[in-house]
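Asks: Structure below; questions to follow.
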Amino acid sequence: MAVGWISRAHPLWFAFLLHRLSGLALALFLPVHFSILAMALRHPARLDGFLQWAQAPAVKLAEFGLVFLLSVHFFGGLRLLALEFLPWSERQKTLALGAVSLALLLGGVFLLRAW
Amino acid sequence: MLDVRLYLAQRLSAMLMVPLVLGHLVVMTYAIRGGLTTAQILARTRGSVFFMLFYGLFALAVSVHAAIGLRVILHETARVTGVWLTAFTVVAGIGLLLLGEHAVLVVTWP
Chain A
43 MAVGWISRAH
53 PLWFAFLLHR
63 LSGLALALFL
73 PVHFSILAMA
83 LRHPARLDGF
93 LQWAQAPAVK
103 LAEFGLVFLL
113 SVHFFGGLRL
123 LALEFLPWSE
133 RQKTLALGAV
143 SLALLLGGVF
153 LLRAW
Chain B
4 MLDVRLYLAQ
14 RLSAMLMVPL
24 VLGHLVVMTY
34 AIRGGLTTAQ
44 ILARTRGSVF
54 FMLFYGLFAL
64 AVSVHAAIGL
74 RVILHETARV
84 TGVWLTAFTV
94 VAGIGLLLLG
104 EHAVLVVTWP
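Just so you know, the sequences run in chain order A and B.
Just so we're aligned, residue 43 is where the first sequence starts under our numbering, counting upward by one.
Just so we're aligned, residue 4 is where the second sequence starts under our numbering, counting upward by one.
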């Protein structure tokens, strides 16, 4: 158990957890996303009602969360691909922090435009 | 609980999605300005071969990627193995693929 704790007391364990949780959340969101889009054909009025509801500030914050999750999984995934397929770099912690920073930036830009 | 084929499928679908996710982030951030209506979305997407191919490919890649990712989580956290793990992966992958391609066709069919 002590060994487990030592391996988790590291910023890159947090990077692993963030990648796993963001991936899980995105995978669970996908069926909802697809179903709402499919309403465009059969129930355009219901989709419009949904889009109007999506104007609420709380929903826009939730959308920021989704854009952040997609971005952080994307940039974190790029780090993993580089780690596996490119020459080794010592700067893994910097790259992981860069991934989180870029995801916050993209989420922030999205939120500002949506507001 | 990944063999070489599943590992490669996971990495190849990830690489394929690099330009697709970037494009999706740009489209979303561009389109959200001033809110969205069903008519606005359909005006942009209906009859667009580009959107049909772009999102058709995206839905395929993400179905493969998400099904394999969920499989890894299910195995590592719930210790599911064998035929149940295979069945879950296939059902998740095909289910996402059908829902995804249906949604793409709904918004891009002329």
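All C-beta atoms in this analysis are idealised placements derived from N, C-alpha and C, irrespective of residue type, glycine included.
1) Got a sec: is the Cβ-Cβ distance from A69 (chain A) to anything in chain B below 7 Å?
2) Mind checking which residues open and close the alpha helix (DSSP H) that includes I97 (chain B)?
3) Could you tell me which chain B residues have their CB closer than 8 Å to the CB of G119 (chain A), listed as they occur along the chain?
4) Please determine, among B:P113, B:W87, B:H105 and B:L11, the residue with the shortest C-alpha to C-alpha distance to L72 (chain A).
5) So does the stretch 24 to 42 of chain B actually touch the stretch 100 to 112 of chain A, counting three or more Cβ pairs closer than 8 Å?
6) What did DSSP end up calling L25 (chain B) once you bin it into helix, strand or coil?
7) Do A69 (chain B) and A69 (chain A) count as a contact pair if the criterion is CB distance below 7 Å?
8) Taking three-plus beta-carbon pairs below 8 Å as touching, is the stretch 51 to 64 of chain B in contact with the stretch 53 to 60 of chain A?
9) For the stretch 84 to 92 of chain A and the stretch 138 to 151 of chain A, state whether three or more C-beta atom pairs, one from each stretch, are separated by less than 8 Å.
10) Measuring CA to CA, which of B:L5, B:R8, B:L15 and B:D6 is closest to F127 (chain A)?
11) Under DSSP, the alpha helix (DSSP H) around P73 (chain A) begins and ends at which residues?
12) Classify M20 (chain B) as buried or exposed, calling it buried when 16 or more other Cβ atoms lie within 10 Å of its own Cβ.
13) Helix, strand or coil for S113 (chain A), going by three-state DSSP, please let me know.
14) For a contact defined as C-beta to C-beta under 7 Å, what are the partners of A156 (chain A) on chain B?
15) Which of the three DSSP states is assigned to K157 (chain A) in this structure?
16) With a cut-off of 8 Å, do at least 3 Cβ pairs link the stretch 80 to 97 of chain B to the stretch 102 to 121 of chain A?
17) Between A80 (chain A) and chain B, is there a C-beta pair that is closer than 7 Å?
18) Which one of B:V7, B:L23, B:L39 and B:F61 has the shortest CA to CA distance from W157 (chain A)?
19) Specify, as a first and last residue, the run of the alpha helix (DSSP H) that A69 (chain B) falls within.
20) Is there at least one Cβ from chain A nearer than 7 Å to V110 (chain B)'s Cβ?
21) For chain A, find out if any of its Cβ atoms is closer than 7 Å to the Cβ of T40 (chain B); answer yes or no.
22) Beta carbon of L111 (chain A), beta carbon of A67 (chain A): below 7 Å?
23) What's the gap between the Cα of P113 (chain B) and the Cα of L101 (chain B)?
Replies: Looking at the coordinates:
1) yes
2) G85 to T111
3) A17
4) B:H105
5) yes
6) helix
7) yes
8) Flag = no, the stretch 51 to 64 of chain B and the stretch 53 to 60 of chain A do not touch.
9) no
10) B:L15
11) P53 to R84
12) buried
13) helix
14) Those are I35, listed as they occur along chain B.
15) Looking at the sequence provided, one finds Trp at residue 157 (chain A) rather than Lys. The DSSP-derived three-state label of W157 (chain A) is coil.
16) no
17) yes
18) B:L39
19) V52 to A81
20) yes
21) yes
22) yes
23) Per the coordinates, the alpha-carbon of P113 (chain B) lies some 20 Å from the alpha-carbon of L101 (chain B).
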